[in-house]
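Enquirer: Heads up: take any position in the sequence shown, counting from 1, add 69, and you land on this note's numbering. Don't be surprised by glycine CBs; every beta carbon is placed ideally from N, CA and C. Values in this document were obtained by computation on a predicted structure and should not be read as measured data. My questions all concern the structure below.
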Amino acid sequence: MQQQREPWHEHERDRVPPELDPAFSEFDDDRPSRTMANRLRPVIWVAAIAALVAMTLTFVL
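Here it is in structure tokens:
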């Protein structure tokens with residue numbers, strides 16, 4: 070008798086990629102994923118500009 074495999078025992082290589090999953094097209098809204106880098110990009114730009122201004126003022130004064 071063959072044991073039934075639990076879903077959490079699947080290896081990464083055995084998983085179906087999301088593009089091949091039948092439910093993917095149903096739930097895909099064609100928007101790019103919101104990664105942490107995308108969310109923090111404005112903060113990174115402001116911090117970089119503030120650092121450049123601080124360095125410039127340090128050398129000028």
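1) Looking at the structure shown, is Arg108 part of a helix, part of a strand, or coil, going by DSSP?
2) Tell me the DSSP secondary structure of Val115 in three-state form.
3) Note down the Cα distance separating Thr127 from Val115, rounded to an integer number of angstroms.
4) In three-state DSSP terms, what is Val85?
5) Using only the alpha-carbon positions, how far apart do Val112 and Leu130 sit?
Expert: Quick answer:
1) helix
2) helix
3) 18 Å
4) coil
5) 27 Å
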